[in-house]
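Okay, so here's the structure we're looking at.
In full-length UniProt numbering, the protein residues as written are 1 to 223.
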């Protein structure tokens with residue numbers, strides 16, 4: 001079995017190859033990256049290099065539902081493309097990819113992507129990506145019905161924290177208590193209370209506006 005470090009290096013190398021094949025786009029905060037509409041042809045694949053992107057839709061009542069945040073480098077819209085290509089599946093949803101912070105995005109044609117998909121290492125990475133997206137959505141559905149808000153928050157932090165240049169795990173400033181509350185569908189006051197508990201237990205700390213995870217292992221155990 002390959003080590004996690006080997007897998008990480010392989011993923012970074014493959015993503016760099018895709019970046020080289022695409023067009024680099026700098027998308028401002030709240031900029032619309034792409035909209036996928038039922039029955040409309042998908043012409044481009046989008047990859048995230050840096051920033052935070054949300055996958056969302058708007059209900060008939062005008063409510064915005066966020067299904068997923070992308071906060072790590074990787075593919076953004078390959079699931080609808082591949083379900084159409086391999087399964088002929090269409091749902092009746094229109095979904096948006098929106099830059100929630102300033103983002104660096106790469107766009108490449110579907111033809112270029114599919115040609116690259118023939119490579120075995122690339123196919124392995126795509127399978128990992130699709131499975132990770134599937135697990136994210138399934139966990140969100142499960143958590144909304146089974147787990148406590150506390151557990152859901154702990155999982156959210158561990159999923160979206162990233163290491164800074166000093167190796168410390170931090171949560172991007174974009175993820176305010178209001179933003180997290182909206183995603184978890186609870187009031188921001190509840191999020192603030194739970195964060196205070198973690199601070200008292202010396203699991204997290206605030207440095208300025210940045211939330212730092214002091215003890216990631218403890219947070220992993222709690223979730």
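The beta-carbon is built from N, C-alpha and C at its ideal position, and this holds for glycine as well.
By the 10 Å Cβ neighbour count, where 16 or more other Cβ atoms means buried, how is residue i classified, buried or exposed?
| i | result |
| --- | --- |
| residue 155 | buried |
| residue 20 | exposed |
| residue 77 | buried |
| residue 202 | exposed |
| residue 36 | buried |
| residue 217 | exposed |
| residue 245 | Because the chain in this structure spans residues 1 to 223, residue 245 falls outside the shown range and cannot be described. |
| residue 161 | buried |
So, for residue i: in the same chain, excluding its five sequence neighbours on each side, which residues have a beta-carbon less than 8 Å away from its beta-carbon?
| i | result |
| --- | --- |
| residue 102 | 26, 27, 28, 29, 51 |
| residue 146 | Its pLDDT being 49, under 50, residue 146 is placed unreliably by the model, and the measurement read from it follows with that caveat. Cβ neighbours of residue 146 beyond the five flanking positions: none. |
| residue 133 | 68, 79 |
| residue 85 | 114 |
From residue i to residue j, what distance separates their C-alpha atoms?
| i | j | result |
| --- | --- | --- |
| residue 99 | residue 116 | 26 Å |
| residue 74 | residue 48 | 5 Å |
| residue 124 | residue 186 | 37 Å |
| residue 108 | residue 23 | 6 Å |
| residue 62 | residue 119 | 42 Å |
| residue 221 | residue 151 | 10 Å |
| residue 13 | residue 112 | 17 Å |
| residue 183 | residue 214 | 24 Å |
| residue 180 | residue 153 | 8 Å |
According to DSSP, residue i sits in a beta bridge with which residue or residues?
| i | result |
| --- | --- |
| residue 46 | 107 |
| residue 26 | 104 |
| residue 74 | 48 |
| residue 55 | 68, 97 |
| residue 32 | 98 |
For residue i, which residues of its own chain have a beta-carbon under 6 Å away from its beta-carbon, when the five flanking residues on both sides are left out?
| i | result |
| --- | --- |
| residue 170 | 164, 210, 212 |
By Cβ distance, which residues of its chain are closer than 7 Å to residue i, with the 5 residues on each side in sequence left out?
| i | result |
| --- | --- |
| residue 81 | 42, 45, 110 |
| residue 32 | 96, 98 |
What are the start and end residues of each continuous alpha helix (DSSP H) run of 4 or more residues lying completely inside the stretch 100-160, in chain order?
-> The stretch 100-160 contains these whole alpha helix (DSSP H) runs: 110-116, 120-145, 149-160.
Complete alpha helix (DSSP H) runs within the UniProt domain "HTH crp-type" (154-222) (minimum length 4 residues, chain order) = DSSP runs (the alpha helix (DSSP H)) wholly in the UniProt domain "HTH crp-type" (154-222): 177-184, 188-200, 216-222.
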